Amino acid sequence: MDTVGYVGTVEVETAGTARLWFGLTESKDTADWIKIGSVRAWFTMNLEAADRLFFLAELPLLMEAMRSGLQVEVSQGGAASFHKRTPNDSFEVDGVRVLRSGMIFS
Amino acid sequence: MANLSIVETPLAGGKIRYTLGQPNWEDRRMPDIRRPGSTVQIEEQRLIDVIILGDGFTAASDFRDALENWLSNFYAIKVYDVFAGCIRIRALYTPSTQPASANRASYYRCRMSDDGCSIDKDDWWKANDADGMAFREAFWESVDTFADANPRRYPLDLEVGSSNQTITNDRLRDLYRNLVVSFLVRSAVDEHPSGFTSDVSRPAPDQSRHVRVGFGANEIHEFSHAFGLLSDEYINGRGTTNTRVDPTTPSVFSLSNLRYSNRVDNVPWIHLSPCGWQERTASGQEPSPLVGWLWVGGSVHVGVWHSEYRCLMNGNHDNFQFTQVAAEDPTANEDGTYTEENGAGLRDTDRFCLWCQEIVSLRILEKTDQLLEEGDPADVTSQGITWYARWLERLRSNYYQLFDVAQQIADAEARYAGLTPGRNKEPLWQSDLYSIPKAAVAGPASPVPPLPDDEVFVLTGFAAIP
């Protein structure tokens, strides 16, 4: 499953669970948080050992996309068994693509 | 729109043979799934035969009226219209001296309920009593009137899965592959008595040969059960729980419009979802895109899902309209209770959901050998697996082009965005009748397995960077 948007926030937590979370917005400059289903979607990556290289590779893309207002396409699995704010709001990420402004994903 | 002409040929004994929409199929040309925009001519022995019979009709004019209604409803469904060139439709009128009834005195001896409003479903057509055998003899005599009807059947060793699946070995083995019957029934009190779909076997010694038959009212819904092997998407009995399983091996033969697992890697229509081929997003209070998520229900209530809110294969029965909190659903009585068989009507009579449309397309392409390529395995079981893989890899994108699926999705999303089915006009996207597929058990693939000392690993990784 893929979702396209602009990185609106990046959060890291280590209390209880070591995770990076980020949210996407539909447009570049507003807080129009993308939903999957009826609730705002949170995309997440596991910071623990098995995924660490993956995380280290993806984080710079997300940060650069957020700083420069670039669109990203996130590849994610289905709704995770855990949630951030409401049930079915969390999606484990298994890929991130970033695209220079003015181009479209194909 | 396909041609709707009906041509009559009188036969002995007051019978009449009809040819329906012949200009559509006489050239045997259908869209070429490998070259969108082109057509291909198929051989006559790959045509799909539809034979329409009728019981309880005492006047030929009534039967003809029913045929006109059937034909216009049939071609109103896009997939049947697009593939009209490979579906040969014919009918036979056999006069009954009286309408179908519980007394079984009509031509085929169809058994009605006492009130005449529905066809009995207690396997009378399979019974080995005098009426049951007489039904089958009359039925097959009528079918065999069409001597050129396609005799092709699925092989006896076809392997699609266990008896606990939606589509099973028993269902398909020795089933007429390119022949289906629509059986219209008229009672004294109801022009469209409610019906069902089942198989009718030939009399002994050929009883293993059987044909799919859609009986009674809602003819195209029942026909699509019979022809497309599609299941009901409505809830019939709130709180009822699924006991079926999904097929273990993907194949064009076992593909179903229902799914009994809500894991993302088990949902075959995920490409239609908002996170699929046509990415669609919404934010805030915008209507969320809804096509292709998991919509609850499929004959039973719990543990089964279909792909859209509305479809030809849905219905009424005990459907919720907006929420599974029964007392808060618009289908509840004023006191919050619910009266059985007062569910929400979620059937579109002129439209399949997009997953059903894709399945029926695959059925048509499979029956007409349009998925076959040189070098394919000889046995049909392996062909079904090969063809589905080919569909995913190469042909589905052509299908998208042929049907303009992107536009169909946009149209469906626009329609659902305007629905407010809640008790207080809450929009559909806020409904709990759908859910997002769950993550696969294994989670996303990791490039390396967990290490006992991850810090060492990270340092090693960094050290490797020049």
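In order, the protein sequence lines correspond to chains A and B.
Residues in the first sequence are numbered from 1 upward in steps of one, following my numbering.
Residues in the second sequence are numbered from 1 upward in steps of one, following my numbering.
A virtual CB, placed ideally from N, CA and C, is assigned to each residue, including glycine.
Predicted model, so just to flag it, every value in this text is computed and none were measured.
- Residue 35/A and residue 414/B have their C-alpha atoms roughly 17 Å apart.
- With contacts defined as CB atoms closer than 8 Å, residue 262/B and residue 10/B fail to qualify as a contacting pair.
- Rounded to the nearest whole angstrom, the C-alpha separation of residue 430/B and residue 323/B is 9 Å.
- Bridge pairing for residue 121/B: absent [DSSP].
- For residue 60/A, the uninterrupted alpha helix (DSSP H) segment begins and ends at 52-68.
- Linking residue 232/B to residue 298/B through their CA atoms gives a straight-line distance of about 6 Å.
- Rounded to the nearest whole angstrom, the CA to CA distance from residue 238/B to residue 221/B is 22 Å.
- In the DSSP assignment, the residues bridged to residue 91/B are 18/B and 52/B.
- Distances from the CA of residue 44/A to each of 104/A, 99/A, 77/A and 91/A were compared; the closest alpha carbon is that of 91/A.
- Under DSSP, residue 126/B forms no beta bridge with any residue.
- Fewer than three Cβ pairs drawn from the region 206-217 of chain B and the region 66-77 of chain B lie within less than 8 Å of each other, which leaves the two stretches out of contact.
- Put simply, of 319/B, 349/B and 59/B the residue whose alpha carbon is nearest the alpha carbon of residue 339/B is 319/B.
- Counting along the chain, residue 78/B sits inside the alpha helix (DSSP H) bounded by residues 78-82.
- From the listed residues 121/B, 384/B and 302/B, the smallest Cα separation to residue 215/B is found for 121/B.
- Each residue's CA atom was taken as its position, placing residue 81/B and residue 363/B some 15 Å apart.
- In the same chain as residue 48/A, and ignoring 5 residues on each side of it, the C-beta atoms closer than 6 Å to its own belong to 18, in chain order.
- Setting aside the 5 residues that flank it on each side, residue 40/B is surrounded in the same chain by 32, each with a C-beta closer than 6 Å to its C-beta; the list follows chain order.
- Between residue 133/B and residue 86/B, the C-beta spacing is not below 8 Å.
- Short of 7 Å from the beta carbon of residue 94/A, and not among the five residues preceding or following it, lie these beta carbons of its own chain, in chain order: 75, 76 and 77.
- In the DSSP assignment, residue 44/A falls within the unbroken beta strand (DSSP E) covering 42-46.
- Between the alpha carbons of residue 352/B and residue 167/B lies a distance of about 19 Å.
- Cβ atoms of residue 99/B and residue 58/B come within 8 Å of each other, at about 7 Å.
- Using a Cβ-Cβ cut-off of 8 Å, residue 396/B does not count as an interface residue toward chain A, since no Cβ of chain A sits closer than that to its own.
- Residue 29/A is not a Cβ neighbour of residue 283/B, given a cutoff of 8 Å.
- For residue 181/B, the enclosing beta strand (DSSP E) begins and ends at 175-185.
- Around the Cβ of residue 308/B, a 10 Å sphere holds 16 or more other Cβ atoms; the residue is buried.
- When DSSP reads this structure, residue 33/A sits in a beta bridge with 25/A.
- Look at the region 257-275 of chain B: the residues with a C-beta under 9 Å from a C-beta of chain A are 262, 263, 264, 265, 267, 270, 273, 274 and 275.
- Residue-level contact by beta carbon holds for residue 429/B and chain A, with a gap shorter than 8 Å.
- Cα atoms of residue 152/B and residue 174/B: separation of roughly 9 Å, rounded to the nearest angstrom.
- In this structure, residue 67/B keeps its C-beta atom at 8 Å or more from the C-beta atom of residue 15/B.
- Chain order gives no chain B residues near residue 65/A, where near means a beta carbon separation below 9 Å; the closest approach is about 16 Å.
- Using a Cβ-Cβ cut-off of 8 Å, residue 307/B does not count as an interface residue toward chain A, since no Cβ of chain A sits closer than that to its own.
- With a cutoff of 8 Å on beta-carbon distance, residue 196/B and residue 119/B are scored as near each other.
- Apart from the 5 residues on each side of it in sequence, residue 348/B sits with its Cβ closer than 7 Å to the Cβ of 310, 311 and 312 in its chain, given in chain order.
- Looking from the CA of residue 60/B, the closest CA among 70/B, 96/B, 301/B and 177/B belongs to 96/B.
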